[in-house]
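Data first, discussion second: the structure below is written as structure tokens.
See the structure below:
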């Protein structure tokens with residue numbers, strides 16, 4: 001595996017992890033930021049599917065965990 005392919009696989013894995021840990025906002029935020037970062041680092045990879053999937057899941061995890069964090073901190077949950 002080349003360096004860029006490893007970054008995309010790491011971005012994909014952390015994207016999945018960020019979506020599965022939505023109920024733990026601190027962990028989910030960190031994993032989502034890592035997913036976006038590693039996906040962007042691996043954008044020159046041959047396999048573009050992992051790049052787009054990791055970027056999408058990281059973005060979705062970031063948005064959902066921020067919404068969850070705002071709802072919990074506002075006391076409406």
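Numbering (the working numbering), first residue to last: 1 to 77. Just so you know, even glycine gets a beta-carbon here, dropped at the ideal spot from N, CA and C. These numbers were taken from a predicted model, which means no experiment stands behind them.
- DSSP, read as helix, strand or coil, puts residue 24 in coil.
- Within the same chain, 25 come within 7 Å of residue 69 by CB-CB distance, once the 5 residues on both sides are set aside.
- In the structure shown, residue 57 adopts helical secondary structure according to DSSP, grouped into three states.
- Between the alpha carbons of residue 8 and residue 19 lies a gap of roughly 17 Å.
- Between residue 73 and residue 40, the alpha-carbon positions lie close to 30 Å from each other.
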